[in-house]
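For the record, in the sequence shown the residue sitting at position 35 is 47 according to the numbering used here, with numbers rising by one throughout.
Even for Gly, the Cβ is constructed at its ideal location relative to N, Cα and C.
Just so you know, these numbers come straight off a predicted model, no measurement behind them.
Take a look at the structure below.
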Amino acid sequence: MTHDAVNSPEHYTGHPSGVECIQITEHMGFNLGNAMKYIWRADLKGNAVQDLEKACWYIKRELQRRGVAAEGGVDG
Numbered sequence: 013m014t015h016d017a018v019n020s021p022e023h024y025t026g027h028p029s030g031v032e033c034i035q036i037t038e039h040m041g042f043n044l045g046n047a048m049k050y051i052w053r054a055d056l057k058g059n060a061v062q063d064l065e066k067a068c069w070y071i072k073r074e075l076q077r078r079g080v081a082a083e084g085g086v087d088g
């Protein structure tokens, strides 16, 4: 089976359930959707630590957007 690297990249379509990452993230806001995307692909696209750091960046940004101070329990 050939995968379409643009429309259905393997690192977003390889979940055993058959669910694609976008089917979940399109129901989220931008920051949380991107965090989920990076968590989803963390072990599938090379540098898992970097993907998890990117997810944290988007989560922290969402907390800031919601007015939650980083020193209130979220590492800055």
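- In this structure, the alpha-carbon of I71 lies about 26 Å from that of G30.
- Going by beta carbons, A47 and A54 fall outside the 7 Å limit.
- Each residue's CA atom was taken as its position, placing G58 and R78 some 32 Å apart.
- Annotation for R73: N43 place their beta carbon closer than 6 Å to its own, counting only its chain and skipping 5 residues before and after.
- DSSP places N59 outside both helix and strand once states are collapsed to three, so it counts as coil.
- For G45, the three-state secondary structure derived from DSSP is helix.
- Between W52 and D16, the alpha-carbon positions lie close to 18 Å from each other.
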